[in-house]
Amino acid sequence: MLRDSDNPEKSWEDLEAELLPHRPFYAPGETEIEKDLYAKRRCAQQQMKAEKRPDIAGHSYYYCTETNNDD
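Residue numbers (our numbering): 2 to 72.
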(Lines of atoms letter the chains of each structure in order from A and count residues from 1; the text may use other names and numbers.)
(Lines give C-alpha, C1' and ligand atoms only; values in the text may rest on other atoms or scores of the structure.)
Protein backbone atom coordinates (compact mmCIF):
# COMPACT_ATOMS: atom_id res chain seq x y z
CA MET A 1 0.00 0.00 0.00
CA LEU A 2 1.25 3.48 -0.82
CA ARG A 3 2.17 5.59 2.19
CA ASP A 4 3.85 8.94 2.60
CA SER A 5 6.51 8.53 5.28
CA ASP A 6 6.29 12.26 6.11
CA ASN A 7 2.50 12.15 6.46
CA PRO A 8 1.40 8.54 7.23
CA GLU A 9 -2.26 9.47 7.83
CA LYS A 10 -2.62 10.68 4.23
CA SER A 11 -4.84 8.31 2.25
CA TRP A 12 -3.45 6.42 -0.71
CA GLU A 13 -6.01 8.17 -2.93
CA ASP A 14 -4.59 11.56 -1.96
CA LEU A 15 -1.03 10.36 -2.45
CA GLU A 16 -1.86 8.91 -5.86
CA ALA A 17 -3.56 12.17 -6.88
CA GLU A 18 -0.37 14.07 -6.04
CA LEU A 19 2.00 11.63 -7.73
CA LEU A 20 -0.11 10.89 -10.82
CA PRO A 21 -2.41 13.88 -11.36
CA HIS A 22 -3.28 13.01 -14.98
CA ARG A 23 -4.31 9.41 -14.22
CA PRO A 24 -8.06 8.72 -14.68
CA PHE A 25 -10.00 7.80 -11.54
CA TYR A 26 -13.45 6.82 -10.34
CA ALA A 27 -14.87 9.14 -7.70
CA PRO A 28 -16.55 7.77 -4.55
CA GLY A 29 -20.06 8.87 -3.71
CA GLU A 30 -23.69 7.80 -3.72
CA THR A 31 -24.92 10.36 -6.26
CA GLU A 32 -23.47 11.94 -9.40
CA ILE A 33 -23.38 15.29 -7.58
CA GLU A 34 -21.22 13.82 -4.79
CA LYS A 35 -18.92 12.20 -7.35
CA ASP A 36 -18.63 15.42 -9.37
CA LEU A 37 -17.82 17.40 -6.23
CA TYR A 38 -15.17 14.90 -5.13
CA ALA A 39 -13.53 15.03 -8.57
CA LYS A 40 -13.65 18.82 -8.64
CA ARG A 41 -12.01 19.08 -5.20
CA ARG A 42 -9.37 16.46 -6.00
CA CYS A 43 -8.34 18.24 -9.18
CA ALA A 44 -8.49 21.69 -7.58
CA GLN A 45 -5.81 20.59 -5.10
CA GLN A 46 -3.47 20.31 -8.10
CA GLN A 47 -4.71 23.58 -9.68
CA MET A 48 -6.42 21.54 -12.40
CA LYS A 49 -10.01 21.05 -13.52
CA ALA A 50 -11.99 17.82 -13.51
CA GLU A 51 -13.16 16.29 -16.79
CA LYS A 52 -15.89 13.65 -16.76
CA ARG A 53 -16.07 10.79 -19.28
CA PRO A 54 -18.43 7.83 -19.60
CA ASP A 55 -17.08 4.29 -19.54
CA ILE A 56 -18.50 1.35 -21.47
CA ALA A 57 -20.51 0.13 -18.45
CA GLY A 58 -22.50 3.36 -18.19
CA HIS A 59 -20.54 4.77 -15.25
CA SER A 60 -18.38 7.87 -15.28
CA TYR A 61 -14.70 8.31 -14.63
CA TYR A 62 -12.77 11.51 -14.20
CA TYR A 63 -9.36 12.90 -14.96
CA CYS A 64 -7.64 16.17 -14.16
CA THR A 65 -6.60 18.51 -16.94
CA GLU A 66 -4.55 21.66 -16.98
CA THR A 67 -6.59 24.83 -16.64
CA ASN A 68 -6.30 27.48 -19.32
CA ASN A 69 -5.29 30.76 -17.75
CA ASP A 70 -5.61 32.83 -20.92
CA ASP A 71 -8.00 35.30 -19.27
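C-beta: ideal position from N, C-alpha, C; glycine also. Just so we're clear, the structure is a prediction, and the values are computed from it rather than from any experiment.
About 6 Å separates the CB atoms of Y64 and E52; that is less than 8 Å, so the two are in contact. Residue burial is scored here from C-beta neighbours: R43 has at least 16 other C-beta atoms within 10 angstroms and is therefore classed as buried. Per DSSP, E35 is one residue of the alpha helix (DSSP H) stretching across 33–45. Assigned with DSSP and collapsed to three states, A18 falls in helix.
Burial is judged here by how many other beta carbons sit within 10 angstroms of a residue's own beta carbon; A28 has at least 16 and is buried. Just so you know, the alpha carbons of H60 and N8 end up roughly 33 Å apart.
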